[in-house]
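So the sequence shown is numbered by the numbering used here: it starts at 11 and just counts up by one. Positions of the beta carbon are idealized from the N, C-alpha and C atoms, including for glycine. This one's a predicted model, so the numbers in the text were calculated from it and none came from an experiment. To start, the structure under review is shown below, and the notes come after it.
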Amino acid sequence: MTTPIVTFEICRSCRKCCIFNEQELDEAPVITTDAKNCLMEQFPNEEIAFEPLGRMWRIVLHPTPVEHRWVCPFYDSQTARCRIQHLKPLGCVFYPFYVMRYQGRLVIATSRICPASTALDTTALVAYLRVGPGPLMVREARKHPDIVIDHREGIRILLEVHGDDLLPYDESGERSSGCES
Ligand code: SF4
11 MTTPIVTFEI CRSCRKCCIF NEQELDEAPV ITTDAKNCLM EQFPNEEIAF
61 EPLGRMWRIV LHPTPVEHRW VCPFYDSQTA RCRIQHLKPL GCVFYPFYVM
111 RYQGRLVIAT SRICPASTAL DTTALVAYLR VGPGPLMVRE ARKHPDIVID
161 HREGIRILLE VHGDDLLPYD ESGERSSGCE S
């Protein structure tokens, strides 16, 4: 998404978030049944497929000429834009942030490849998330638990979810009273 920290220019010049390597396949966009049905109607002549994921659907990625790289079928490489802005999957709306499961905790983490978020320190990102999209991300994750993915090594955790609070990530895990997974 373009936001005060991820400007349109940065976003457009990168677009790595629409291209996936082997470790990122579980980040392929996930959509609701209604959105899937709309997309099937809107793109009847394209090779677009979805695989079930709980109560939602994961968009099947297309292989690219580059080995071990896949691309979202809704990515337009000519314009470097998403073709489904009107039905954009939640994970893409919230990018470069994710709601993740980590050691029994629900956390908000940030991409290791987005040039905008990697350029900012944790304090700035935490401040932005707490007054910005963080609470909405948690509400949507609770409504659609299938969009929550497992944390992977190297992904920077910023916040932990405790009830309605978003607290700075406590690496020691001492604050955790358990679990929302
Ligand atoms: S749905 Fe749009 S923003 Fe999301 S990965 Fe596909 S092209 Fe990119």
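Item to check | beta strand (DSSP E) runs contained entirely in the region 108–170, provided each spans 3 or more residues | outcome: 115–120
Checklist entry - Among residues of its own chain, excluding the 5 on either side of LEU168, which ones have a beta-carbon nearer than 8 Å to its beta-carbon? => result Looking up residue 168 in the sequence shown gives position 158. Closer than 8 Å at Cβ, skipping near neighbours: PHE107, VAL117, ILE118, ALA119, THR120, THR132, LEU135, VAL136, LEU139, PRO178 and TYR179.
Item to check | Stretch-stretch touch, CB-based, cutoff 8 Å, three pairs: the region 32–43 with the region 86–93 | outcome: no
Checklist entry - Helix, strand or coil: which one does DSSP assign to HIS72? => result Taking the sequence shown and counting its residues from 1, one reaches residue 72 at position 62. If DSSP states are grouped into helix, strand and coil, HIS72 belongs with the strands.
Next on the checklist: With H, G and I counted as helix, E and B as strand and the rest as coil, what does DSSP make of PHE60?
Outcome noted: Working through the sequence shown from its first residue, we reach residue 60 at position 50. Correct three-state label for PHE60: strand.
Checklist entry - Hey, is PRO143 close to ligand 1, as in C-beta under 6 Å from one of its heavy atoms? => result Position 133 of the sequence shown, counted from the first residue, corresponds to residue 143. No, the Cβ of PRO143 stays beyond 6 Å of every heavy atom of ligand 1.
Checklist entry - With DSSP run on the structure shown, which of helix, strand or coil describes HIS78? => result One-based indexing of the sequence shown puts residue 78 at position 68. Three-state result, HIS78: coil.
Checklist entry - With respect to the beta strand (DSSP E) encompassing LEU100, which residues constitute its N-terminal and C-terminal limits? => result As a working note, residue 100 is residue 90 in the sequence shown. Segment 100–104 is the alpha helix (DSSP H) holding LEU100; no beta strand (DSSP E) there.
Checklist entry - Straight-line CA distance for ILE69 to SER127? => result Numbered from its first residue, the sequence shown carries residue 69 at position 59. Numbered from its first residue, the sequence shown carries residue 127 at position 117. One C-alpha to the other measures close to 25 Å.
Item to check | GLN113 versus LYS98, ARG79, GLU181 and THR74, residue with shortest Cα-Cα distance | outcome: If you number the sequence shown from 1, residue 113 lands on position 103. Minimum Cα distance to GLN113 is reached at GLU181.
Item to check | Of the residues ARG122, ILE29 and TYR105, the one placed nearest HIS78, counting alpha carbons only | outcome: As a working note, residue 78 is residue 68 in the sequence shown. Among ARG122, ILE29 and TYR105, the Cα nearest to that of HIS78 belongs to ILE29.
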